[in-house]
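Residue numbers (my numbering), protein chains in the order written: chain A, 1 to 149; chain B, 150 to 253.
Cβ atoms here follow ideal geometry from the backbone N, Cα and C, with glycine treated the same way.
Report on the structure given below.
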């Protein structure tokens with residue numbers, strides 16, 4: 001009975017606080033994405049010729065994001081019937097957009113104006129560690145082009 | 150030392166290929182971090198300690214790759230790739246590899 005009570009408490013805390021954290025994170029992501037709109041990012045490997053001499057630098061960005069207790073339970077129930085697991089979709093979307101933003105932040109720091117050959121890598125870092133599933137790491141990397149004037 | 154994940158370096162020509170260089174590191178989380186991450190798992194959100202741990206580990210892997218490239222006389226590493234794999238529960242291997250070249 002006591003265990004059940006704890007379970008429901010965690011569900012409520014996860015639902016309320018986790019939802020709040022996620023909404024805030026998405027708001028911050030949207031704001032920063034509009035801030036870095038001028039930094040062009042390409043997934044092509046080919047770098048077109050530039051007029052002025054350029055230097056290159058590897059730029060990286062990564063983040064580890066965890067899902068909240070409510071969504072993890074909801075996803076667990078969803079696994080029984082199959083279909084779209086929207087709880088994990090938003091988790092991965094958040095992580096990817098955040099990793100790309102951090103890569104862009106680093107690019108701006110080193111003075112790059114474009115990023116080429118952007119690659120994204122996703123890893124589930126707590127895989128196999130007991131019940132701790134639902135924690136992903138997304139790593140974004142690319143080559144920043146620094147145009148010297 | 151120029152490090153890039155594209156095959157060519159703009160405005161520079163590759164004069165010599167020196168083969169593949171690599172760097173790796175295996176990291177485990179410590180108990181305190183694991184405990185805090187467990188609490189964070191309830192409310193969700195970013196696990197800052199893990200983000201730091203993994204980016205430090207990746208820097209280490211790149212530094213080892215760079216050292217290996219320096220040892221064989223390269224001045225650039227092109228076509229760099231990263232890979233992550235979990236060896237056991239609680240430990241991850243971060244691996245960086247690329248082609249060492251001489252450019253002028």
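For chain A, find out if any of its Cβ atoms is closer than 8 Å to the Cβ of residue 231 of chain B; answer yes or no. yes
Short check: CB of residue 153 of chain B to CB of residue 250 of chain B, under 8 Å? no
Between the CA atoms of residue 167 of chain B and residue 248 of chain B - distance to the nearest angstrom: 7 Å
Less than 8 Å between the C-beta atoms of residue 43 of chain A and residue 118 of chain A, yes or no? yes
If we count Cβ pairs, one from each stretch, closer than 8 Å, do we get three or more for the segment 68-80 of chain A versus the segment 1-17 of chain A? yes
Environment of residue 233 of chain B [buried if 16+ CB atoms lie within 10 Å]: buried
Which chain A residues are close to residue 189 of chain B, counting only those with a beta carbon under 7 Å from its beta carbon? 66
What does residue 192 of chain B touch in chain A if you count any residue whose Cβ is under 7 Å from its own? 13, 14, 17, 18, 21 and 68
Establish whether the CB of residue 33 of chain A and some CB of chain B are separated by less than 8 Å. no
Measuring alpha carbon to alpha carbon, tell me which residue in A/138, A/97, A/121 and A/108 is nearest residue 144 of chain A. A/108
Interface residues of chain A facing residue 196 of chain B [CB-CB closer than 8 Å]: 64, 65, 66 and 135
Just how far apart, CA to CA, sit residue 124 of chain A and residue 51 of chain A? 43 Å
Would you kindly work out how many angstroms separate the C-alpha atoms of residue 150 of chain A and residue 92 of chain A, rounded to a whole number? Lying before the first or after the last residue shown, residue 150 of chain A is absent from chain A, which here runs from 1 to 149.
Specify the secondary structure class of residue 220 of chain B as computed by DSSP and reduced to three states. helix
Tell me residue 254 of chain B's beta-bridge partners as DSSP assigns them. Residue 254 of chain B lies beyond the residue range present for chain B, which begins at 150 and ends at 253; the question has no answer from this structure.
With 16 as the cutoff for other CB atoms within 10 Å, does residue 155 of chain B come out buried or exposed? buried
Residue range of the alpha helix (DSSP H) that includes residue 43 of chain A: Note, residue 43 of chain A: premise wrong, no alpha helix (DSSP H); not H, not E.
Report the three-state DSSP secondary structure of residue 67 of chain A (helix, strand or coil). coil
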